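K.L.:
Protein sequence lines, in the order shown, are assigned to chains A and B.
Under the numbering used here, the first residue of the first sequence is numbered 34, with each subsequent residue one higher.
Under the numbering used here, the first residue of the second sequence is numbered 34, with each subsequent residue one higher.
Glycine included, every Cβ here is placed at the ideal spot set by N, Cα and C.
Nothing here was measured: the structure is a model prediction, and the numbers come from that model.
2 protein chains.
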Amino acid sequence: MSTLFQPLSTLSGDVGAAIGESVTFDADRALKLDSGGEIKPLTVAWKTYGTLNAQKSNAFLVCHALTGDQYAAGTHPITGKPGWWQTMVGPGLPIDTDRFFVICANVVGGCMGSSGPHDVDPATNQPFGLSFPVITIRDMVRAQAMLLDHLGIEQLFCVAGGSMGGMQVLQWAASYPERVFAALPIATAARHSAQNIAFHEVGRQAIMADPDWQAGDYLSKGTNPRKGLAVARMAAHITYLSEAALHRKFGRTLQDREALSYRFDADFQVESYLRHQGSTFVDRFDANSYLYITRAMDYFDLAADYGGSLAEAFRGSKTRFCVVSFTSDWLFPTIESKKIVHALNAGGANVSFVEFETDKGHDAFLLEVPEMFATLRGFVDAAAEARGLPAKARA
Amino acid sequence: MSTLFQPLSTLSGDVGAAIGESVTFDADRALKLDSGGEIKPLTVAWKTYGTLNAQKSNAFLVCHALTGDQYAAGTHPITGKPGWWQTMVGPGLPIDTDRFFVICANVVGGCMGSSGPHDVDPATNQPFGLSFPVITIRDMVRAQAMLLDHLGIEQLFCVAGGSMGGMQVLQWAASYPERVFAALPIATAARHSAQNIAFHEVGRQAIMADPDWQAGDYLSKGTNPRKGLAVARMAAHITYLSEAALHRKFGRTLQDREALSYRFDADFQVESYLRHQGSTFVDRFDANSYLYITRAMDYFDLAADYGGSLAEAFRGSKTRFCVVSFTSDWLFPTIESKKIVHALNAGGANVSFVEFETDKGHDAFLLEVPEMFATLRGFVDAAAEARGLPAKARA
Numbered sequence: 034m035s036t037l038f039q040p041l042s043t044l045s046g047d048v049g050a051a052i053g054e055s056v057t058f059d060a061d062r063a064l065k066l067d068s069g070g071e072i073k074p075l076t077v078a079w080k081t082y083g084t085l086n087a088q089k090s091n092a093f094l095v096c097h098a099l100t101g102d103q104y105a106a107g108t109h110p111i112t113g114k115p116g117w118w119q120t121m122v123g124p125g126l127p128i129d130t131d132r133f134f135v136i137c138a139n140v141v142g143g144c145m146g147s148s149g150p151h152d153v154d155p156a157t158n159q160p161f162g163l164s165f166p167v168i169t170i171r172d173m174v175r176a177q178a179m180l181l182d183h184l185g186i187e188q189l190f191c192v193a194g195g196s197m198g199g200m201q202v203l204q205w206a207a208s209y210p211e212r213v214f215a216a217l218p219i220a221t222a223a224r225h226s227a228q229n230i231a232f233h234e235v236g237r238q239a240i241m242a243d244p245d246w247q248a249g250d251y252l253s254k255g256t257n258p259r260k261g262l263a264v265a266r267m268a269a270h271i272t273y274l275s276e277a278a279l280h281r282k283f284g285r286t287l288q289d290r291e292a293l294s295y296r297f298d299a300d301f302q303v304e305s306y307l308r309h310q311g312s313t314f315v316d317r318f319d320a321n322s323y324l325y326i327t328r329a330m331d332y333f334d335l336a337a338d339y340g341g342s343l344a345e346a347f348r349g350s351k352t353r354f355c356v357v358s359f360t361s362d363w364l365f366p367t368i369e370s371k372k373i374v375h376a377l378n379a380g381g382a383n384v385s386f387v388e389f390e391t392d393k394g395h396d397a398f399l400l401e402v403p404e405m406f407a408t409l410r411g412f413v414d415a416a417a418e419a420r421g422l423p424a425k426a427r428a
Numbered sequence: 034m035s036t037l038f039q040p041l042s043t044l045s046g047d048v049g050a051a052i053g054e055s056v057t058f059d060a061d062r063a064l065k066l067d068s069g070g071e072i073k074p075l076t077v078a079w080k081t082y083g084t085l086n087a088q089k090s091n092a093f094l095v096c097h098a099l100t101g102d103q104y105a106a107g108t109h110p111i112t113g114k115p116g117w118w119q120t121m122v123g124p125g126l127p128i129d130t131d132r133f134f135v136i137c138a139n140v141v142g143g144c145m146g147s148s149g150p151h152d153v154d155p156a157t158n159q160p161f162g163l164s165f166p167v168i169t170i171r172d173m174v175r176a177q178a179m180l181l182d183h184l185g186i187e188q189l190f191c192v193a194g195g196s197m198g199g200m201q202v203l204q205w206a207a208s209y210p211e212r213v214f215a216a217l218p219i220a221t222a223a224r225h226s227a228q229n230i231a232f233h234e235v236g237r238q239a240i241m242a243d244p245d246w247q248a249g250d251y252l253s254k255g256t257n258p259r260k261g262l263a264v265a266r267m268a269a270h271i272t273y274l275s276e277a278a279l280h281r282k283f284g285r286t287l288q289d290r291e292a293l294s295y296r297f298d299a300d301f302q303v304e305s306y307l308r309h310q311g312s313t314f315v316d317r318f319d320a321n322s323y324l325y326i327t328r329a330m331d332y333f334d335l336a337a338d339y340g341g342s343l344a345e346a347f348r349g350s351k352t353r354f355c356v357v358s359f360t361s362d363w364l365f366p367t368i369e370s371k372k373i374v375h376a377l378n379a380g381g382a383n384v385s386f387v388e389f390e391t392d393k394g395h396d397a398f399l400l401e402v403p404e405m406f407a408t409l410r411g412f413v414d415a416a417a418e419a420r421g422l423p424a425k426a427r428a
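(1) Once DSSP output is grouped into helix, strand and coil, what is the label at glutamate 276/A?
(2) Enumerate in chain order the residues of its own chain whose CB-to-CB distance from glutamine 204/B is below 6 Å, with the five nearest sequence positions on each side excluded.
(3) Only counting runs of 4 or more residues, tell me where the alpha helix (DSSP H) segments fall wholly within the region 295 to 354 of chain A, in order along the chain.
(4) Can you tell me whether DSSP reads glutamate 401/A as helix, strand or coil?
(5) Just the Cα atoms here: how many angstroms apart are leucine 94/A and alanine 419/A?
(6) Phenylalanine 359/B and threonine 391/B - do their beta-carbons sit closer together than 7 Å?
(7) Kindly indicate the opening and closing residues of the beta strand (DSSP E) around proline 388/B.
(8) Consider the Cβ of alanine 268/B: report whether some Cβ of chain A lies at a distance smaller than 7 Å.
(9) Alpha helix (DSSP H) containing valine 235/B: first to last residue?
(10) Could you check what DSSP says for tyrosine 104/A in three-state terms: helix, strand or coil?
(11) Report the rounded CA-to-CA distance for aspartate 152/A versus methionine 330/B, giving the unit in angstroms.
(12) Leaving out five residues before and five after histidine 270/A in sequence, what residues of the same chain have Cβ atoms less than 6 Å from its Cβ?
(13) Applying the criterion that 16 or more other CB atoms from any shown protein chain within 10 Å of the CB defines a buried residue, is arginine 317/A buried or exposed?
(14) Among the residues of its own chain, which have a CB less than 6 Å from the CB of glutamate 345/A, if the five just before and after it don't count?
(15) Can you tell me where the alpha helix (DSSP H) with leucine 252/A in it begins and where it stops?
(16) For the region 278 to 287 of chain A against the region 383 to 403 of chain A, do three or more pairs of beta-carbon atoms, one drawn from each stretch, fall closer than 8 Å, so that the two count as touching?
(17) Tell me whether lysine 5/A sits in a helix, a strand or coil according to DSSP, three-state version.
(18) For glycine 53/B, does the count of other Cβ atoms within 10 angstroms reach 16, so buried, or fall short, so exposed?
(19) Does DSSP put phenylalanine 412/A in a helix, in a strand, or in coil?
(20) Are the region 298 to 305 of chain B and the region 320 to 336 of chain B touching, with three or more C-beta to C-beta distances below 8 Å?
(21) Check the Cβ of aspartate 260/B against every Cβ in chain A and list those closer than 7 Å, keeping chain order.
(22) Please report the distance separating the alpha-carbon of valine 192/B from that of lysine 80/B.
(23) Under three-state DSSP, which class holds valine 356/B?
(24) Strictly under 7 Å for the Cβ-Cβ distance: is tyrosine 332/A near chain B by that measure?
(25) If you draw a straight line from the alpha carbon of glutamine 430/B to that of alanine 397/A, how long is it in whole angstroms?
(26) Within the same chain, show all residues whose beta-carbon is closer than 6 Å to that of phenylalanine 297/A, passing over the 5 residues directly before and after it, in chain order.
(27) Just to confirm, is the Cβ distance from serine 322/A to glycine 149/A under 7 Å?
(28) Which of the three DSSP states is assigned to glutamate 211/B in this structure?
(29) Report the neighbours of arginine 224/A on chain B: residues whose CB is nearer than 8 Å to its CB, in chain order.
(30) Kindly indicate which three-state DSSP category isoleucine 373/B falls into: helix, strand or coil?
(31) Which residue marks the beginning of the alpha helix (DSSP H) containing alanine 178/B, and which one marks its end?
(32) In this structure, how does DSSP classify leucine 66/B when only helix, strand and coil are distinguished?
(33) Kindly indicate which three-state DSSP category glycine 162/A falls into: helix, strand or coil?
(34) Mind reading off the beta-carbon distance from leucine 217/B to alanine 92/B? Whole number of angstroms is fine, and I expect it under 8 Å.
(35) Taking alanine 156/A as the reference, which of Leu181/A, Lys73/A and Glu291/A has the closest Cα?
(36) For isoleucine 219/A, I'd like the list of residues in its chain whose CB is within less than 6 Å of its CB, leaving aside the five on either flank, ordered along the chain.
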């Protein structure tokens, strides 16, 4: 496997220089995969925000969602936009970079520097494409644990994330309970539902239906399944919002016109918005990574690794949990968070649960939800005190 | 416009002979369209079930949904499967063909014999493709009214339909109140929501992304955008079911295997099911018709034709309405039916409303819901008595 990140031909700018830091592990430290395969050598790319204290006790791992990357804060090098969790990670924010050493790593299978299907297979000198091994959420977390070893960090003060990031949080707490002091799984589930698998399958089929996908070999063939990936993104994007949010934002308002066109133009603002979401996404994301990461989410079923009992995944855990859901999230509805809470309670864990009233849908975890900020700040501050971290300097 | 239905090259069997009856109107009876255009000559294909009585007072119009056709009952000539409303239309069923003369016409824009984008443009001797005019729900209903004139039926005893069929029911009651004695709009809305427009736009973009779509000219180019249409169908199909139904039917059950494949096969039954839904759909449906009919639904906003007041659409109506919704229908949720009911009440109409408790989602209107059958039978029987139709013969 190549030790160099292969920038996507379609990406603008010097992506290779923009991934932040990265480490390629020696070949004797292969990433062992749930599939039975391995990634060797493994590369993990990450960004950090804030400063690690002398005791290495203030490390705060942030896990990204399906289409995220290590740019939780700061400015994204491709889009030029703020990091995906700009609302939560930064000086004075709930995940306070004046106080914590925030680490965010690109997941294995991703396309921002960590090992993924775009890597060059040394056996063929061509990108792996679909010969890259299928990975799981647990594989992603294993790679992050290797990164922490590399950084010399034994225990995380906290691990937090929404959606697929929340799946990683749960996996962290289950796989490495002693390494996680506090855990903040947001808008997530301990297993992916049939409906969510179905939506992912639509996205994958849209990508695979694009002849430019070239059976996964588009990088070596010099094509890019832009249209298929855009359709996948459009379908997924609807699931990230609520019906109420779509109605509030767009309703049936027409886009740049006074009357219906009686054509197939984007008459409605919601159509124009979706097309924009699709077309901008393909500039920053790799189609095969989309296949691999959706597959990892679909495969996620934490209880399955513990004899079917989710409570067993957390038995005897000393981690402090705060489980968060949103009333209008129909992709990861509150019932899924409650299942996690029930399992944590049954496993004897320390857990609090908050459901926030919002019409913003699943994406609420990325957006301005003031009540959420106040609550999460409270949870983080209390956990920091319990961990013996110095109180936050008052302004 | 060709007066002959052009069978899709991809359809098996003698579709031309299978459309049931059809009429092509004289050129001086063009279908005037909301777009300002017209369809000339207009062809309408339909099927009937049961016998028209001497007074022509037992005509029961059934309106089909997006992907339906005139085969509400009987055996579908392409799929060999029962008609789409086999649960509701037939001898002894709520829409009793021993008692009523049931008419079901293929909508304008459709692909089972009525005028649509597959028709041959006499100016070019090629299928219209995207040069076929964009049509609306009101255009569909106008064409049906012309069919009724052709059949010599002045007033319908009842008009019924679910989903887009329900939109036609509402349009019928608004446009031709004196021609509709009773109306049964099921699982529908008086206007299409932003979320529903968004899902339709994903489907259209999936079709248009397929290079075999050929900018709409696939019939003349000898191609067929099967993959794009299949993706469109897959995305739509998810919206027809509820999360609970998907969980009950499939959950995370694997398809024909004991363990995860760690490949991109259809590991999960829900994936296999969706792929099957997509691939069988393209054997019976035309991609351009899918574009036109989804567009018609998106454009539907009944109140817009009445100064923004839905109540005005039904002001003074003597039609007896029964509005039906399902608890788990998230595509046309109960709130949309309630808006219709409020408007009917405000307009002084005679209306009853029933919400059925079911986990079957939007598709419940096509499925076995015993409470629905009993209720709709009661509504139909009472309306028949009010209309002076003879009481049903008892077995």
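P.N.:
According to the structure shown:
(1) helix
(2) Correct list, in chain order: Ile170, Arg171 and Val174.
(3) 302 to 314, 320 to 332 and 343 to 346
(4) coil
(5) 18 Å
(6) Between threonine 391/B and phenylalanine 359/B, the CB-CB gap stays under 7 Å.
(7) According to the sequence displayed, residue 388/B carries glutamate and not proline. Per DSSP, glutamate 388/B belongs to the beta strand (DSSP E) from 383 to 389.
(8) True, the Cβ-Cβ gap to chain A drops below 7 Å.
(9) 227 to 242
(10) coil
(11) 45 Å
(12) If the five residues before and after histidine 270/A are omitted, its C-beta is found closer than 6 Å to the C-beta atoms of Gln310, all from its own chain and listed in chain order.
(13) buried
(14) Tyr339
(15) 251 to 254
(16) yes
(17) Nothing about residue 5/A can be reported from this structure: the residues present for chain A run from 34 to 428 only.
(18) buried
(19) helix
(20) no
(21) The amino acid occupying residue 260/B in the given sequence is lysine; aspartate does not appear at that position. Near lysine 260/B (Cβ distances below 7 Å), the residues of chain A are Ala242.
(22) 15 Å
(23) strand
(24) At least one chain B Cβ lies under 7 Å of tyrosine 332/A.
(25) What the structure shows of chain B is the stretch from 34 to 428, and residue 430/B is not part of that stretch, so it cannot be assessed.
(26) none
(27) Here serine 322/A is near glycine 149/A, since their CB atoms are less than 7 Å apart.
(28) Looking at glutamate 211/B - three-state DSSP - the assignment turns out to be helix.
(29) Arg285
(30) Correct three-state label for isoleucine 373/B: helix.
(31) 170 to 184
(32) Under the three-state reduction of DSSP output, leucine 66/B falls in the coil class, being neither helix nor strand.
(33) helix
(34) Between alanine 92/B and leucine 217/B the Cβ distance is about 14 Å, and since that is not below 8 Å, they are no contact.
(35) Closest option to alanine 156/A, judged by alpha-carbon separation, among Leu181/A, Lys73/A and Glu291/A: Lys73/A.
(36) Short of 6 Å from the beta carbon of isoleucine 219/A, and not among the five residues preceding or following it, lie these beta carbons of its own chain, in chain order: Gly195, Gly199, Val357 and Phe398.
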